[in-house]
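Number of protein chains: 4
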Amino acid sequence: MTDTIIKIDLNKSAYEHDNVHNRWHPDIPMVATVKPGDDFIVECFDWTGGQIENNDDASDVRDVDLTKVHFLSGPIAVEGAEPGDLLEVDILDIGAFAEQQWGFNGFFSKQNGGGFLDNHFPEAQKSIWDFNGIYTKSRHVPGVEFAGILHPGLIGCLPSRDMLDMWNTREKELFDTDPERTPQLACLPYAETAHMGRMKGDERNSAAAEGARTVPPREHGGNCDIKDLTRGAKVYFPVYVDGAGLSVGDLHFSQGDGEITFCGAIEMAGWIHMRVNLIKDGMAKYQIKNPIFKPSPMVPKYDDYLIFEGISVDENGKQHYLDTSIAYRQACLNAIKYLTQFGYSEAQGYAIIGCAPIQGHISGVVDIPNSCATLWLPTDIFEFDIQPNANGPVKHLDGSVDIPKAPDLK
Amino acid sequence: MTDTIIKIDLNKSAYEHDNVHNRWHPDIPMVATVKPGDDFIVECFDWTGGQIENNDDASDVRDVDLTKVHFLSGPIAVEGAEPGDLLEVDILDIGAFAEQQWGFNGFFSKQNGGGFLDNHFPEAQKSIWDFNGIYTKSRHVPGVEFAGILHPGLIGCLPSRDMLDMWNTREKELFDTDPERTPQLACLPYAETAHMGRMKGDERNSAAAEGARTVPPREHGGNCDIKDLTRGAKVYFPVYVDGAGLSVGDLHFSQGDGEITFCGAIEMAGWIHMRVNLIKDGMAKYQIKNPIFKPSPMVPKYDDYLIFEGISVDENGKQHYLDTSIAYRQACLNAIKYLTQFGYSEAQGYAIIGCAPIQGHISGVVDIPNSCATLWLPTDIFEFDIQPNANGPVKHLDGSVDIPKAPDLK
Amino acid sequence: MTDTIIKIDLNKSAYEHDNVHNRWHPDIPMVATVKPGDDFIVECFDWTGGQIENNDDASDVRDVDLTKVHFLSGPIAVEGAEPGDLLEVDILDIGAFAEQQWGFNGFFSKQNGGGFLDNHFPEAQKSIWDFNGIYTKSRHVPGVEFAGILHPGLIGCLPSRDMLDMWNTREKELFDTDPERTPQLACLPYAETAHMGRMKGDERNSAAAEGARTVPPREHGGNCDIKDLTRGAKVYFPVYVDGAGLSVGDLHFSQGDGEITFCGAIEMAGWIHMRVNLIKDGMAKYQIKNPIFKPSPMVPKYDDYLIFEGISVDENGKQHYLDTSIAYRQACLNAIKYLTQFGYSEAQGYAIIGCAPIQGHISGVVDIPNSCATLWLPTDIFEFDIQPNANGPVKHLDGSVDIPKAPDLK
Amino acid sequence: MTDTIIKIDLNKSAYEHDNVHNRWHPDIPMVATVKPGDDFIVECFDWTGGQIENNDDASDVRDVDLTKVHFLSGPIAVEGAEPGDLLEVDILDIGAFAEQQWGFNGFFSKQNGGGFLDNHFPEAQKSIWDFNGIYTKSRHVPGVEFAGILHPGLIGCLPSRDMLDMWNTREKELFDTDPERTPQLACLPYAETAHMGRMKGDERNSAAAEGARTVPPREHGGNCDIKDLTRGAKVYFPVYVDGAGLSVGDLHFSQGDGEITFCGAIEMAGWIHMRVNLIKDGMAKYQIKNPIFKPSPMVPKYDDYLIFEGISVDENGKQHYLDTSIAYRQACLNAIKYLTQFGYSEAQGYAIIGCAPIQGHISGVVDIPNSCATLWLPTDIFEFDIQPNANGPVKHLDGSVDIPKAPDLK
């Protein structure tokens, strides 16, 4: 029976767990040690540490404290790992806890985090998704059921001191270009809510003041939100500190490419089963800067897609120069509009492309001035036919069910 | 036997063909008429109209006249098509001409067009790819062979007058923000080299002065360079003028997502076999702004990938805000670096990710400030093993073969 | 949290469980009741009821009592189900018990059950396979690891009285054509070891005397050993008695098409999560005699295969007439021979094609006198390259490890 | 431009072509020579040599002379090939002739060849299939269209003298067990209609008297009718004579596993583009008896299947012992019955499972006494929904179109 090397108690606060942390810093003490070749299980909080509940009230999503995220389990020391190595991680399995077979998806208020389409969905909304074996469906989004691609949204090794400094410097420079912006341009260190694991006292305080926030993906991987890092995948992470210091969290039951709603996937607490190995000096041997990985042989195959194009002209008709994010935003908006013709609300359409295993492809990045991006919507996840035909769409939903919204407070 | 409704003569200039045009304008006369349900074949020049030759000298790529591109076959009238309809196009097959079983891939000089990585590859280079049935390989890029995903880089219907005006307005606005930039921010109308099909005299001249250039993808589709519009796919195009006016060209034997080298795919002359149908009033019924499509049941399956991540910190270490193009550029550079460890030159690595059926995925677009993009490199296209392992990479190529380069003239 | 409607205790004999049975009979009492739309979990013994242990001694496989198999959990009543309906079963998930993360594969002695290649492997052998998340590997078969396609080998509804009689009649007729044969031609009813669930006394005894053995697949499904009935699949079973009476067991972690070793798959105890619905009068509406099903969207994708052909000329050179079983046997023998060139023993080769997700295809059944069958061996499950090349195969194994064998007694 | 090394003239009889033969014999003279590494094109008659026409009269299928088949193009000598080598053949592409974009499927009369279901379809019928790029459909089978998996039904190298003798001996032994049977148990040598290529006079006559018929697949491959030997596949053939002597023919546009209708696939004339290489002494190195192959990266992906089970109890209720052919026949009959509920005639159902890319899987071959086989019917090839649901099937066809039948003359 595989060892569970990090256990958590969902009835206690994440802050009461010293095997959990929510900032990146080279000095966070290891909480467990494994050897190359070992496999082991790690339990994880949901990314918010339990701030969101299974109910029909979105006020918890509206009021979430985003300085507290993401709660990560670790760091785990790997014997023999040294800076410059590659840490090979086999993701063997992932699951929700038996007693908590559900997850949540949220749109943050534009006042508090926002999201990819926050100009269109400025207020907080929340949908709850129940897990039924490999499948999930939501009482807030009728007519759709799909198999999950379970994955950790956030995984990587501790940064070195130099890397941490580089992160803080470059992100501060960006932040300073528009410090009043909402949402902000970057999440800077914030000591008050930092959870530095087993660090204590002054050491904790000074580390908390400079610990990198967990929001962005960076060189070490981190919050990549890549759905393809699913069970069965093999990932090669750069190592920057002795022992590597692998941390993981932000488990997702399913997510579309882009994690467009920001809160973002179907978020859940649960466990992850991993196996580690080392490629000594692998960073130089293979010229690795960011993690590389191999996909799983086992992912849901939804092979019939309806594909939406978007170009880098924004919703106001303004022409942008090869901006792939704007192109993808247009593809998202096109897909949502399409779904409304079958009876979905726009919010439900947004939740579907955020939660379901849609794909986002970069199609053209050189044909000035327009980038072209495509959103691949699997048609088999719907209980009814959403393909175009000469007769036009049929409204299958009567609008009686929608996704709960919590208006901003003032 | 299926009718070939547009025939071309490769021994004559594209300008001598009145069933070809290289600008978008609502008044270009139809050159053929088909009925809903018909299938037919259309012959096409390569996008440059034959400017590039099968040899080892890249000066033709360096000196290409980009104001002449792309030469499109059409427009084709579809009986009964009216503005607001959707034109359903089944792409039934695509091929190179029997006597011209090769294509080219080029990097444009940064002085003349550039490309996605033109800061790294500022001078013109050209590789030639031979076609062997469904496979292709290049004498300039040893050790790699793959099955093509043949597709038209450029296809769509004529714009209406209003749409044309909108295009010209918004692109001019962008251009005017930095009119001296090289490469330029947008390709504006340019009458001199415009080929307006069967238009003549003053009518031709005034249309040429405002005809939209074919470079960017736009609402009607156009130069989407989506490799997935391959034989077997079904595409739904918005119709803006009576008769629809379907034009097509820029055939590719293969291309990676993004068409990153700009010249871009494995470019070829050839033919395309299509079938058309109409969904009357389909744009309103389905709320369609850009084309949508369904993928082919028949595409090369390369299911073992090595996946490279990139984030929106550029190669100089500068932090950008959720810029997915920059994130994808980093993933591209990471893949190229990796391939050099097996003996490829950087230029060969660039050509491989431009030509082979790599995928580009949008992975994270909300985790401020970093977008995350991934480049999926199929491992089975290589004659040798490119997977990472504990022993490190083996150099399989000795550097004796590289991609011809033509230095800029001064 | 989903209800577990049938629980078992692995520390007690299957015979002590009244929610388990090992014969098919219309009068076996239901042990649980569910409604259409319900989902629920059922726990299952391994098919032998715990006769085989995790050790390196194959004597338990040699001495297994095959009159006791298969232990099935059920029958489960579905409210409203009537003869002639179709019972739609969604297989939502399957797993091994947390405390028993292993399974076994065996070759039976030709004296006691045999198998597809028992002339080549006449004595009992056993390999143990450890589960690591979605993957499995065996200490007895080095160099191979693969993701499982978990499935119930045996599932179906209770037969009606008429169907039971038909089964017994036709199988007895076959048996009587060669009653002394070893292995026997059919497994006839055998009261002594029959477990009739909650039946008691005379009723039990008379039912036990006629209860159909569970070995063959029949009209109701039963022991189909179809690996594709995996989690995510949807199956439509004919209903023959009021309440349907769904029973299930013989869980497999993985299996190749054909279950050629008879004991057969990687056999395990565990649990299965299902959801049921009804299509009233579905057998007549759709003219269904045997179950039909839809595959899962989620199965391991091993897309690079080496494919072995076999024809219906047996290993002694004798020509048979369109005998597809013999053709498949030759394909199996060809694959085993091939694997020995890389260092595997023939027994290891046999275990690999029995356990791994190989495919068996019927290729030609009309080209007299030879059937043609193909065995598809996934190459990516091996740690080394097994593809043919000009240099010839490399022996990767030194023969120091093999599959334990227990010689026949006497 | 690739050389076409064997050209044919469809306006002349196959017998007038000396680069064609219809028997296997070691002494048939080579008609072309290639070197390892070469690629080349070979033109082929349809298997009957043009006996079947594109019309609505099945009398040509009824009256076909099956002693004349199959007309093969070759043999082709490969320089340096010796007995014991493996001939590696890359199938690079396959196509129909531009002027003959159609194929035929037939059921032979039980009096003349029969087929897998000849007890159910005893009289000759014929359907014509038109090719539209990668797709095909038939005026005789409405509502179905699919992409072809083009392949040669028949390909292999010349047998040695010893192998030829072995074939003739074992097939004669089988034939002699029931020499009066119709259809016959085996096709023995038949000199009258033998086409021995460039052999002449007495040499031709004595070779014709012993030349093996081309109907069955044998050790060298031959008439395997494996749809997966499609363009993109790589096949390794045993070599038995100096120069190998590769011959090919019986091109198919599409076929279901088993080629159940015997005439059998969608049969066509056309061309095949191949590349050859050698593995010296490969038969011993890899212990190869029958050909092995690797599948193409490029085959139509129809991933949504409805799967029909069959067991080895025949249509009269008789129990057979592990007879996989009977099990597959039941699965075929079950699929045909199912399709009739949507309006197809049984003959149309038979043609669909014979022509479309269905799969036939061997599911269980050890669960005495019943084999279990499955037929995988892709649902996306139908223009309407054929999935089961609570409302029952909808008849989409009115029976006004059926497959032409030619009654036996008697």
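Residue numbers (the numbering used here), protein chains in the order written: chain W, 1323 to 1732; chain B, 1323 to 1732; chain C, 1323 to 1732; chain L, 1323 to 1732. All C-beta atoms, glycine included, are put in the ideal place defined by N, C-alpha and C. A quick note: this is a predicted structure, and the numbers were derived from the prediction, not measured.
| Check | Outcome |
| --- | --- |
| Beta bridge counterpart(s) of serine 1460/W as assigned by DSSP | Trp1451/W and Val1463/W |
| Stretch-stretch touch, CB-based, cutoff 8 Å, three pairs: the region 1711 to 1723 of chain L with the region 1503 to 1510 of chain L | no |
| Distance, serine 1449/C Cα to arginine 1461/C Cα | 8 Å |
| Distance, leucine 1699/C Cα to phenylalanine 1575/L Cα | 26 Å |
| Distance CB(alanine 1555/B)-CB(serine 1482/B) smaller than 8 Å | no |
| Reduced DSSP secondary structure (H/G/I, E/B, other) of tyrosine 1558/L | strand |
| The region 1692 to 1711 of chain C in contact with the region 1630 to 1650 of chain C per 3-pair CB rule at 8 Å | yes |
| Under 9 Å from the C-beta of aspartate 1626/B: neighbouring residues of chain A | Absent here is chain A; the protein component of the structure consists of chains W, B, C and L. |
| Any chain L beta carbon closer than 8 Å to valine 1557/B | no |
| Interface residues of chain L facing histidine 1595/B [CB-CB closer than 8 Å] | Asn1454 and Gly1455 |
| Option in Gln1577/L, Glu1365/L, Gln1433/L and Phe1362/L with minimal Cα separation from tyrosine 1672/L | Gln1577/L |
| Below-8 Å beta-carbon distance, arginine 1553/B vs any chain L residue | yes |
| Segment contact flag, the region 1364 to 1383 of chain L with the region 1415 to 1429 of chain L, C-beta cutoff 8 Å, min 3 pairs | yes |
| Cβ of phenylalanine 1393/L within 8 Å of any chain C Cβ | no |
| Threonine 1552/B classed as buried or exposed, judged by whether at least 16 other C-beta atoms fall within 10 angstroms | buried |
| Candidates Asp1547/C, Val1688/C and Phe1615/C: closest to aspartate 1585/C by CA position | Just to set this straight, residue 1585/C is cysteine in the shown sequence, not aspartate. Per the Cα distances, Asp1547/C. |
| Under 8 Å from the C-beta of glutamine 1447/W: neighbouring residues of chain B | None at all; the shortest Cβ gap to chain B is about 15 Å. |
| Close Cβ partners of methionine 1314/C (< 6 Å) along its chain, the five nearest in sequence each way excluded | The structure shown does not extend to residue 1314/C, since chain C is modelled only from 1323 through 1732, so no value can be given for it. |
| Buried/exposed call for tryptophan 1410/W, threshold 16 Cβ in 10 Å | In the sequence under discussion, the amino acid at residue 1410/W is glutamate, which differs from the tryptophan named in the question. Buried. |
| Segment contact flag, the region 1721 to 1731 of chain B with the region 1661 to 1671 of chain B, C-beta cutoff 8 Å, min 3 pairs | yes |
| Within 8 Å, strictly: CB atoms of leucine 1573/B and proline 1691/W | no |
| Residues of the region 1585 to 1614 of chain C whose Cβ lies closer than 8 Å to any Cβ of chain W, in chain order | His1595 and Arg1597 |
| Reduced DSSP category for serine 1576/W - H, G, I as helix; E, B as strand; rest coil | strand |
| Simplified DSSP state of methionine 1596/W, which is helix, strand or coil | strand |
| Cβ-based burial, leucine 1655/L [other Cβ within 10 Å; buried from 16] | buried |
| Option in Thr1504/W, Arg1535/W and Arg1526/W with minimal Cα separation from asparagine 1441/W | Thr1504/W |
| Whether threonine 1355/B touches alanine 1399/B by CB criterion (8 Å) | yes |
| Distance, methionine 1518/W Cα to leucine 1388/C Cα | 59 Å |
| Three or more C-beta pairs below 8 Å linking the region 1374 to 1388 of chain C and the region 1324 to 1335 of chain L | no |
| Proximity winner among Gly1396/W, His1339/W, Pro1348/W and Leu1408/W, relative to isoleucine 1363/W (alpha-carbon distances) | Gly1396/W |
| Serine 1569/L beta carbon less than 8 Å from that of glycine 1435/L | no |
| Opening and closing residue of the beta strand (DSSP E) in which valine 1694/W lies | Per the sequence presented here, residue 1694/W reads as cysteine, with valine not at that position. 1694 to 1700 is the span of the beta strand (DSSP E), which, as asked, contains cysteine 1694/W. |
| Beta-carbon proximity of glycine 1580/C to glycine 1580/L, cut-off 8 Å | no |
| Test item: CB-CB of asparagine 1344/C and aspartate 1689/L under 8 Å | no |
| Listed by chain order, chain C residues near alanine 1420/W by CB distance under 8 Å | Met1323 |
| Of the residues Gly1465/L, Val1635/L and Lys1329/L, the one placed nearest phenylalanine 1704/L, counting alpha carbons only | Gly1465/L |
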